[in-house]
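Chains as they are written, first to last, in our numbering: chain A, 1 to 351; chain B, 1001 to 1351; chain C, 2001 to 2351; chain D, 3001 to 3351.
Shown next, in structure tokens, is the structure this report addresses.
Number of protein chains: 4
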Amino acid sequence: MSVVARALVPSRVAMQAYALSAFGLQHLHRVERPTPVPGPGQVRVRVSAVSLNYRDLMMVRGEYNPRQPLPLVPCSDGVGVVEAVGDAVRGVRPGDRVAGLFSQRWSAGDPTSEALRATLGGPLDGMLAEQVVLDADGVVPVPDHLDDAEAATLPCAALTAWSALVTLGGVRAGDTVLVQGSGGVSSFALDFARIHGARVIATTRSAGKIQGLRQRGASEVVNTVDDPRWGDTVRRLSGGEGVDHVVEVGGVGTLAQSLRAVRPGGTVSLIGVLAGPTADLNLTSVLMRQVRVQGVFVGHRAGFEAMSRAMALHGLRPALDRVFAWDEVPAAFERIASGGHAGKVCIRVGG
Amino acid sequence: MSVVARALVPSRVAMQAYALSAFGLQHLHRVERPTPVPGPGQVRVRVSAVSLNYRDLMMVRGEYNPRQPLPLVPCSDGVGVVEAVGDAVRGVRPGDRVAGLFSQRWSAGDPTSEALRATLGGPLDGMLAEQVVLDADGVVPVPDHLDDAEAATLPCAALTAWSALVTLGGVRAGDTVLVQGSGGVSSFALDFARIHGARVIATTRSAGKIQGLRQRGASEVVNTVDDPRWGDTVRRLSGGEGVDHVVEVGGVGTLAQSLRAVRPGGTVSLIGVLAGPTADLNLTSVLMRQVRVQGVFVGHRAGFEAMSRAMALHGLRPALDRVFAWDEVPAAFERIASGGHAGKVCIRVGG
Amino acid sequence: MSVVARALVPSRVAMQAYALSAFGLQHLHRVERPTPVPGPGQVRVRVSAVSLNYRDLMMVRGEYNPRQPLPLVPCSDGVGVVEAVGDAVRGVRPGDRVAGLFSQRWSAGDPTSEALRATLGGPLDGMLAEQVVLDADGVVPVPDHLDDAEAATLPCAALTAWSALVTLGGVRAGDTVLVQGSGGVSSFALDFARIHGARVIATTRSAGKIQGLRQRGASEVVNTVDDPRWGDTVRRLSGGEGVDHVVEVGGVGTLAQSLRAVRPGGTVSLIGVLAGPTADLNLTSVLMRQVRVQGVFVGHRAGFEAMSRAMALHGLRPALDRVFAWDEVPAAFERIASGGHAGKVCIRVGG
Amino acid sequence: MSVVARALVPSRVAMQAYALSAFGLQHLHRVERPTPVPGPGQVRVRVSAVSLNYRDLMMVRGEYNPRQPLPLVPCSDGVGVVEAVGDAVRGVRPGDRVAGLFSQRWSAGDPTSEALRATLGGPLDGMLAEQVVLDADGVVPVPDHLDDAEAATLPCAALTAWSALVTLGGVRAGDTVLVQGSGGVSSFALDFARIHGARVIATTRSAGKIQGLRQRGASEVVNTVDDPRWGDTVRRLSGGEGVDHVVEVGGVGTLAQSLRAVRPGGTVSLIGVLAGPTADLNLTSVLMRQVRVQGVFVGHRAGFEAMSRAMALHGLRPALDRVFAWDEVPAAFERIASGGHAGKVCIRVGG
């Protein structure tokens, strides 16, 4: 422990966190814990805001990984200020405003097994705490123009969209991108496609959201309730060949139509699997039209940095649904569970 | 019609072809047809050898495309010598030894819908004829070191393997590639992986083929009959992370194990769909390990040219099962149907 | 000659062109020539507008290629409407509004020697004629939202900028791009960088052009007359590391500063060589900062099509300096020679 | 300092190193220094072998960087065994046989300024010492099949060749690669081209080396003394278009011919600048043939790991000239200075 860290961290100080003692939202309790001390190569972050993803809810319910050891501090996505650094920390200083990286061990390139496992909010303890200790490599600066709640939405939802379209997808001006609905990843995908000069077609299940999607920049919106064969509609809207990229967040429920919507040689980025783990994938259509189905597991540090640079340049902001207070955490999870939110659900951390 | 073409093509000359009058091998008959005359931009090829793919058998049976208009001259893969050229042909001369390109309209890059449709042996008439007329853009020189039957195996099986591993896959020395069985695409994939310096793991369902796969260059061979969870075995053989590329030819029957065999961030090239059109794809494993499932629809001219250059440099030759005579065409198809062949089944064209 | 072509092209019809009988602008004369007849695979275009590049002036003066056979119809860049098609033409129809491709033999990928040689306006006859016959593969549709003079600026200047930044450069949102001055390539580069979400820094030698560059979207403009070590300034303006891409149009005069402006691992696209053929390139700085110096020879058809799609989506228009009349052609060349133009110099073709 | 490190490192122990007190080989002296102690995130390596590069000689002479602070322990390339690890070290354990990475701060992707500066053997102290302390991120395992002297050749010469041809160059089977001479980078480039299935053309200034180059796998060797316009010869040997890649190590003396040898759209990797810092680069030929001139600054960790994997699979070994003893260090440098070596010059470290 460095002198600096020692000075800043009286050992009797305690902090609050939410911990899951058993699966189920009713088992998520506020607890007191000693303030953690950063070891060599680590930093302590005073967390100011957390953003919820559907994954966090699944984790709490035991649906994401039934073998997750408990107790667990949930939530992968959070932002705060570095308040202490251990020995041998380079490139991070007290006072830096940072987010935790979803994968704590993935700097660039393809992921390793270790990168896939070292994720916050399960299996590793997450950000729903007043203070967290992370590896210095596990935090990353966030853009200045975002407030804390806004910045807290980047690690999972925004980076996933960036990885799909930019890091892995190479989107460029004049391309057509299909996004599905108004959820976090889809909204960021819409923004990222737009700043790269792509045309965006969006789907929605709600007539009430059509206008909002257009305002955010979708040039066409297709109501999939009215038009169950929306894949063909999207193909027609994109010149008959199909779209260049699909950011597929629905999985089982929508993949068949997405494969109809995508052009020969195009890409379907597989993001979320909302409706179950397996799907009757039509392999023939993948094969016979040379489609690429690209799984996207959030992303790496280099992608986060590039994304932040672009968001800062363009002043992009996520849409927030509501920022809950520190004693309203269960209500925030219930908001996600209800599906009625429009924009990201966040939590202000601390008393 | 050019003067040259006119001189070489007395109009009363006739030639032989096999034509399918109705679906079913019993409806594939040898017929006489007038010698075709190349129009502007076209060439006439005197076909010397044809190679069969499983697709050709499916086409004859009506399984590939039940709506294929008949009669049809089947077979996508054939080789011959250019004997007449129409007006305005550039880059092809009488005497050139060429293959027909599987897709007659695909020079490079991503395929268009038109590229996917303009394929020989259905919907377009194929190569099972003594003389064929093709667009000058639809033929491509073959390597000198191959005899006609050997060269006839390139358009479909070889180019598919090249597209999967090289054009789309970017294989490099030190990578590990998984190939399945001893079929045409898999054998070419083994060769192409090897000349790029990759390590090859092969699977087989037949103990008798293990030795041959080793001799061809596989460093490990896994018998999938003895080891139904061979995906885990392959992953273990590749350092615990999994292989970089899988050349997946089995489709429904093998995809689940292939997804276990591939490393995080790796590629599964989806080539053939032998056992049915759809599969219970485990989307979660694609997503959570950032796997790329890449459909491969044979390939383009630029890929064929690069492949030929590499095959010539390395003196690569396909394994041939048997070269049937012109009056043994039904037997050649039956050989494919039997599944008992080892290597490519070819036909010597002409009386 | 096809029946269609025959019907549309009475052989006695004549047309006007400008032809260079000897090097020097004074030897560029308006001449009458028979209307050309499209052979198989060819189309005839009734040219409506031509756009001048500095290359055209060099060609006329004999500076570009002193061994260019004469007479020559100059000018690579022109637009018109297809009025007759020869036999065996696919994908082009009478009535299509098209540009000639700078390289008549380059569909995609890396160029061949043939692609480099088959260029309009020298060695091949160019577009400064009322009617031209081109290969069907040598024309490409232009975006609807541009008038003829605007569309005539695409083949050379616009495509070069697109190739540099997009096809070869892979620019993405958040990148920083340096463009030099207000010439054709630089203006298109500014536009293309901007629609991809990049930040643009521009240089200029004229204080009077700073405002215009800002209005077009440059976030910073550096006056290189006031600041001869502008490379360091640009590096400082891009966070101290340097810019991601430089679109280098000055060659000898500016390359040394460009190499100071670019970040480690960045790209300098080498476009034009205004001040002489060789330069004292500081190889050490290329090497020690892993810079890529990428020569850009205009571009291929696939790039043109992608560019047109993006320009149409974004409604991009070139800045035009002036559109000269058909009998003012020498004045148009003198306008280029003067260097006083701002925007592209065009010519309305025909009487 | 961790308990483990403390236990293994009695503080009175001393070790030997070579240190440069002033520029000039005569100022390179063997000195005694206290055994260094690894701090958090660091490891101590007992060095067993060092390999010399021309850069090391330039550094000693003050030619590489006249402002290098002294004293300096020279030599970037060395191998040894980890004997102590500090706190918070992950992924490196005592007993691991490792090399130091040339750049101590470059894991993947494009280099940063920091990556370019953090290099061993200047400005940072290098490997010519019995014991060195490096960041755990600054060491990398070496292939088992190499002895220590062989493995010591990898960090600079081998990785530079790998970066040029594989990481940045994407060489593939059937390509043609030009290598120059028999030096370290060129020999590795020959090997790496060959295992990727490329054809290799080599140049040499010495008739006596032709046979050796052929044995190592060059299919053609051109004597550049006899053939000063060897660029044209190489172009002719590669089908008239030119080679796909040139690994350019000569810089000023050879670049003009390399630009003649490379095909349109091909790559010249700029590695070494033996004959001075600037060259009269013919910008026109770079531009007019769309050549890429790619500076190569050694390479990153991810490249080293991929290279090691490939070298292990293929059992590649560097050619060694001679392994000097620990008290013969000046003679080893003189051997490099003489230019008479064939293969890498190494030093066995320690008494």
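Idealized CB from N, CA, C, for every residue including glycine.
This structure is a prediction, so every number in the text was calculated from the model and none was measured.
Exercise. With DSSP collapsed to three states, give me the class of Pro-330 of chain A.
Key: helix
Quiz item: To the nearest whole angstrom, what separates the beta carbons of Val-1291 of chain B and Val-1262 of chain B, a pair I think is in contact under 8 Å?
Solution: 6 Å
Practice problem: Figure out for me which residue from B:Ala-1084, B:Ser-1103, B:Phe-1102 has the closest Cα to the Cα of Gly-1095 of chain B. | Solution: B:Ala-1084
Exercise. Assign Met-1015 of chain B to one of three DSSP states: helix, strand, or coil.
Key: strand
Practice problem: Please report the residue range of the alpha helix (DSSP H) in which Ile-271 of chain A lies. | Solution: Here Ile-271 of chain A belongs to no alpha helix (DSSP H), and DSSP marks it neither H nor E.
Practice problem: Kindly examine the ligand MG and report whether one of its heavy atoms sits closer than 8 Å to the Cβ of Glu-3032 of chain D. | Solution: For the ligand MG, the structure offers nothing, since it holds no ligand at all.
Quiz item: Would the beta-carbon of Ala-2152 of chain C fall within 9 Å of that of Gly-2078 of chain C?
Solution: yes
Self-check item: Own chain residues within Cβ distance below 6 Å of Gly-1340 of chain B, not counting five before or after
Solution: none
Quiz item: Can you tell which of C:Gly-2295, C:Arg-2235, C:Val-2045, C:Arg-2105 has its C-alpha closest to the C-alpha of Asp-2137 of chain C?
Solution: C:Arg-2105
Quiz item: Between Glu-3150 of chain D and Leu-3320 of chain D, is the Cβ-Cβ spacing less than 9 Å?
Solution: yes
Quiz item: Comparing alpha-carbon positions, which option in A:Val-139, A:Val-92, A:Gly-343, A:Val-185 lies nearest Arg-301 of chain A?
Solution: A:Val-139
Quiz prompt | Ser-1338 of chain B burial status per 10 Å Cβ neighbour count (16 or more: buried) | solution = exposed
Quiz prompt | Stretch-stretch touch, CB-based, cutoff 8 Å, three pairs: the stretch 58-77 of chain A with the stretch 17-35 of chain A | solution = yes
Quiz item: Cα-Cα, which of A:Leu-52, A:Val-43, A:Pro-71 is closest to Ala-19 of chain A?
Solution: A:Pro-71
Quiz item: How big is the Cα-Cα spacing for His-2145 of chain C and Gln-2180 of chain C?
Solution: 27 Å
Quiz prompt | Whole-angstrom distance between Arg-2229 of chain C and Gln-2298 of chain C, CA atom to CA atom | solution = Rather than Gln, the amino acid found at residue 2298 of chain C in this sequence is Val. In a straight line, the C-alpha of Val-2298 of chain C is about 29 Å away from that of Arg-2229 of chain C.
Exercise. Please report how far the alpha carbon of Ala-2275 of chain C lies from the alpha carbon of Ala-2099 of chain C, in whole angstroms.
Key: Its pLDDT being 47, under 50, Ala-2275 of chain C is placed unreliably in this model, and the value from its coordinates should be taken loosely. Going from the Cα of Ala-2275 of chain C to the Cα of Ala-2099 of chain C covers about 29 Å.
Quiz prompt | Local conformation of Gln-2104 of chain C per DSSP, three classes | solution = coil
Quiz item: Pick from C:Leu-2313, C:Phe-2102, C:Gly-2086: whose alpha carbon is nearest that of Phe-2192 of chain C?
Solution: C:Leu-2313
Quiz item: Which residues in the same chain as Ser-1051 of chain B place their Cβ atom closer than 6 Å to its Cβ, once the five residues preceding and following it in sequence are excluded?
Solution: Asp-1077, Ala-1152, Thr-1153, Lys-1344, Cys-1346
Quiz item: DSSP on Leu-154 of chain A, reduced to helix/strand/coil?
Solution: helix
Quiz prompt | Segment contact, 8 Å Cβ cut-off, at least three pairs: the stretch 2181-2188 of chain C with the stretch 3025-3035 of chain D | solution = no
Quiz prompt | Endpoints, alpha helix (DSSP H) assigned at Gly-1184 of chain B | solution = 1184-1195
Exercise. Please name the residues in the stretch 277-298 of chain A whose beta-carbon is closer than 7 Å to at least one beta-carbon of chain B, in chain order.
Key: Pro-277, Thr-278, Ala-279, Asp-280, Leu-281, Asn-282, Leu-283, Thr-284, Val-286, Leu-287, Met-288, Arg-289, Gln-290, Val-291, Arg-292, Val-293, Gln-294, Gly-295, Val-296, Phe-297
Quiz item: Roughly how far, in whole angstroms, is the beta-carbon of Ile-1336 of chain B from the beta-carbon of Leu-1057 of chain B, given that I think they are within contact range, below 8 Å?
Solution: 5 Å
Quiz item: Terminal residues of the continuous beta strand (DSSP E) containing Glu-3220 of chain D?
Solution: 3220-3223
Quiz item: Distance, Cα to Cα, Val-2249 of chain C vs Ile-3195 of chain D?
Solution: 39 Å
Quiz item: Could you check where the alpha helix (DSSP H) with Gly-257 of chain A kicks off and where it finishes?
Solution: According to the sequence as given, residue 257 of chain A is Gln; it is not Gly. Run containing Gln-257 of chain A: 255-261, per the alpha helix (DSSP H) assignment.
Quiz item: If you check the beta carbons only, do Cys-1075 of chain B and Gly-1126 of chain B fall under 9 Å apart?
Solution: yes
Exercise. Please list, in chain order, all residues of the same chain as Ala-3332 of chain D whose beta carbon is under 7 Å from its beta carbon, the five residues on each side excluded.
Key: Leu-3052, Phe-3324, Val-3345, Ile-3347
Self-check item: Where Ile-1201 of chain B meets chain D, residues with beta-carbon distance less than 9 Å
Solution: Within chain D, no residue comes near Ile-1201 of chain B; the closest Cβ sits about 13 Å away, beyond 9 Å.
Exercise. Consult DSSP for Arg-3006 of chain D and reduce its assignment to one of helix, strand or coil.
Key: Note that Arg-3006 of chain D scores 42 on pLDDT, short of 50, meaning its location in the model is unreliable; the coordinates nonetheless yield the value given after this. It is helical.
Quiz item: How would you call Val-2092 of chain C, buried or exposed, if buried means at least 16 neighbouring beta carbons within 10 angstroms?
Solution: buried
Practice problem: Note down, in chain order, all residues in the stretch 1036-1058 of chain B with a beta-carbon under 9 Å from any beta-carbon belonging to chain C. | Solution: Gly-1039, Pro-1040, Gly-1041, Gln-1042
Practice problem: Give a yes or no on whether 9 Å exceeds the smallest Cβ distance from Val-1243 of chain B to chain D. | Solution: no
Self-check item: Selection of the stretch 2085-2118 of chain C by Cβ proximity to chain B, strictly under 7 Å
Solution: Asp-2087, Ala-2088, Ser-2107, Ala-2108, Gly-2109
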